[in-house]
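**Q**
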Ligand code: AHG
Ligand code: MN
Ligand code: MN
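Numbering (the numbering used here), first residue to last: 8 to 342.
#1: Is residue 241 near ligand 3, in the sense that its beta carbon is under 7 angstroms from a heavy atom of that ligand?
#2: Is the distance from the Cβ of residue 322 to the Cβ of residue 170 below 8 angstroms?
#3: For ligand 1, is there a heavy atom less than 7 angstroms away from the beta-carbon of residue 203?
#4: By alpha-carbon positions, which one of 51, 247, 27 and 44 ends up nearest to residue 238?
#5: Taking DSSP as the reference, what is the three-state secondary structure of residue 237?
#6: Could you please go through the chain and list the residues whose beta-carbon is closer than 6 angstroms to any non-hydrogen atom of ligand 3?
#7: Roughly how many whole angstroms lie between the Cα atoms of residue 205 and residue 83?
#8: Would you say the beta carbon of residue 274 is closer than 7 angstroms to some non-hydrogen atom of ligand 1?
#9: Within 10 Å of its beta-carbon, does residue 117 have 16 or more other beta-carbons around it, so buried, or fewer, so exposed?
#10: For residue 12 versus residue 123, is the C-beta distance shorter than 8 angstroms?
#11: Would you call the CB atoms of residue 55 and residue 135 closer than 8 angstroms?
#12: Helix, strand or coil for residue 260 per DSSP?
#13: Residues bridged to residue 145 by DSSP?
#14: For residue 255, is the beta carbon positioned less than 7 angstroms from some heavy atom of ligand 2?
#15: Tell me the DSSP bridge mates of residue 337?
#16: Out of 31, 196, 161 and 305, state which residue places its alpha-carbon closest to the alpha-carbon of residue 44.
#17: Mapping the DSSP letters down to three states, classify residue 125 as helix, strand or coil.
#18: Check whether the stretch 139-157 touches the stretch 11-27, taking contact to mean three or more Cβ pairs, one atom from each stretch, closer than 8 angstroms.
#19: Quick one: is residue 278 buried, meaning 16 or more other Cβ sit within 10 Å of its Cβ, or exposed?
#20: Which whole-angstrom value describes the C-beta separation of residue 3 and residue 325, a residue pair presumed to lie in contact below a C-beta threshold of 8 angstroms?
#21: For residue 327, which residues in the same chain have their Cβ closer than 8 angstroms to its Cβ, ignoring the five residues on either side in sequence?
#22: Within a Cβ cutoff of 6 angstroms, which residues of the same chain sit near residue 223, ignoring the five residues on either side of it in sequence?
#23: Per DSSP, what kind of secondary structure is residue 139 in: helix, strand or coil?
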């Protein structure tokens with residue numbers, strides 16, 4: 008049971024009994040993610056100083072020039088997850104192919120694969136706007152003792168055992184689920200500890216915020232155009248408010264707290280939309296459903312899609328249950 012103001016460390020220990028089969032591995036995995044998140048947070052916070060640091064001739068420990076933050080975040084998460092005997096493979100938005108982790112004795116005994124978007128909303132870095140990290144965890148399906156294969160990564164979202172995001176915002180939060188609801192932890196930067204600030208997060212069943220890049224309006228399918236007009240109509244609680252940060256983690260985080268819908272539809276320019284099914288849609292969908300919301304591709308459940316490609320894209324309609332159902336109604340009606 009979640010106790011407010013507990014530290015993440017205490018929370019993980021208290022809730023280990025939820026995974027009798029995992030003998031603490033899943034907890035250790037979350038532990039390594041919270042560590043990498045702190046390191047990346049530190050770097051993200053300094054983003055505006057990069058030029059100044061550069062001007063003073065500073066380089067990093069390895070003597071390399073400052074890198075792009077998404078590459079840095081990718082490396083940090085991969086390093087942290089590799090140095091533990093839990094993960095047998097990682098697939099990342101930043102890598103063309105998956106990475107095989109053979110484990111300490113080269114025995115391929117580790118059980119979990121991690122899929123991630125190390126830095127979501129990366130174009131917002133330059134303008135000091137919130138960005139995030141998204142992660143998704145599955146048990147491998149190929150036999151233990153053999154190297155991972157693509158099959159271990161191409162699992163439908165409904166097989167996830169954990170998923171979460173970190174939001175590097177006005178404060179830094181780690182929000183995750185292991186299938187027993189959603190809990191949010193806020194980082195106290197002075198102490199380096201995460202505290203349970205948002206226990207048992209719930210998506211409001213209905214909301215008044217719609218988040219979509221309306222600049223692409225002319226390219227949207229008819230159902231989406233009509234739904235946008237519906238959001239703007241004068242009636243009961245409408246018009247709704249439009250809010251779009253352009254960093255999905257931040258847009259969905261806000262909508263989960265206030266109630267709203269996030270849409271990245273297919274368009275005449277991008278047939279499956281932009282977002283990646285495995286690194287972005289599935290983990291967010293798992294969190295959203297665990298918080299009582301809904302996530303679909305406009306017609307059916309995101310987490311039931313059988314992936315065929317690592318970097319596959321999917322249209323994404325996610326958020327307050329009633330709003331997503333309404334948008335789906337428009338999609339069916341104006342096919
Ligand atoms: P990333 O930075 O990982 O490439 O993801 C950016 C994504 C998502 O966070 C955001 O919602 C969307 O791209 C914004 O796209 P548009 O600029 O096309 O609206
Ligand atoms: Mn992204
Ligand atoms: Mn990214």
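Quick reminder that beta carbons are idealized off the backbone N, C-alpha and C, glycines included.
**A** The relevant details are as follows:
#1: Position 234 of the chain shown holds residue 241. Flag unset: Cβ of residue 241 not near ligand 3.
#2: In the chain shown, counting from the first residue as 1, residue 322 sits at position 315. In the chain shown, counting from the first residue as 1, residue 170 sits at position 163. No, Cβ-Cβ distance for residue 322 and residue 170 is not below 8 angstroms.
#3: Sequence index remark: in the chain shown, residue 203 carries index 196 (1-based). Residue 203 Cβ: outside cutoff for every heavy atom of ligand 1.
#4: One-based indexing of the chain shown puts residue 238 at position 231. Taking only the C-alpha atoms, the option nearest residue 238 is 247.
#5: Counting from 1 along the chain shown, the entry for residue 237 is found at position 230. The answer is helix: DSSP assigns residue 237 an H, G or I state.
#6: 77, 100, 124, 126, 127 and 129
#7: For the purposes of this step, residue 205 is identified with residue 198 of the chain shown, where counting begins at 1. For the purposes of this step, residue 83 is identified with residue 76 of the chain shown, where counting begins at 1. So the alpha carbons of these two residues sit roughly 26 angstroms apart.
#8: For this step, residue 274 is matched to residue 267 along the chain shown. No, the Cβ of residue 274 stays beyond 7 angstroms of every heavy atom of ligand 1.
#9: For the purposes of this step, residue 117 is taken as residue 110 along the chain shown, with counting starting at 1. By the neighbour-count rule (16 or more Cβ atoms within 10 Å), residue 117 is buried.
#10: Taking the chain shown and counting its residues from 1, one reaches residue 12 at position 5. Taking the chain shown and counting its residues from 1, one reaches residue 123 at position 116. Contact flag unset, no.
#11: Residue mapping note: residue 55 aligns to position 48 of the chain shown, counting from 1. Residue mapping note: residue 135 aligns to position 128 of the chain shown, counting from 1. Yes, these two residues count as a Cβ contact at 8 angstroms.
#12: Indexing the chain shown from 1 puts residue 260 at position 253. Helix, per DSSP.
#13: Here the question's residue 145 lines up with position 138 in the chain shown. Answer is 120, bridged to residue 145.
#14: Numbered from its first residue, the chain shown carries residue 255 at position 248. True, at least one ligand heavy atom lies under 7 angstroms from that Cβ.
#15: Position 330 of the chain shown, counting from 1, holds the residue named residue 337. None, per the DSSP bridge assignment.
#16: Here residue 44 corresponds to residue number 37 of the chain shown, with the count starting at 1. Here the closest residue by C-alpha is 196.
#17: In the chain shown, the residue the question calls residue 125 occupies position 118. Reduced to three states, the DSSP call for residue 125 is strand.
#18: no
#19: Counting from 1 along the chain shown, the entry for residue 278 is found at position 271. Answer is exposed; the Cβ neighbour count stays below 16.
#20: The structure shown does not extend to residue 3, since the chain spans only 8 to 342, so no value can be given for it.
#21: For the purposes of this step, residue 327 is identified with residue 320 of the chain shown, where counting begins at 1. Excluding residues within five positions, the ones whose Cβ falls inside 8 angstroms are 210, 211, 212, 213, 214, 262, 266, 267, 268, 300 and 301.
#22: Taking the first residue of the chain shown as position 1, residue 223 is located at position 216. Cβ neighbours of residue 223 beyond the five flanking positions: 274.
#23: Position 132 of the chain shown, counted from the first residue, corresponds to residue 139. Reduced to three states, the DSSP call for residue 139 is strand.
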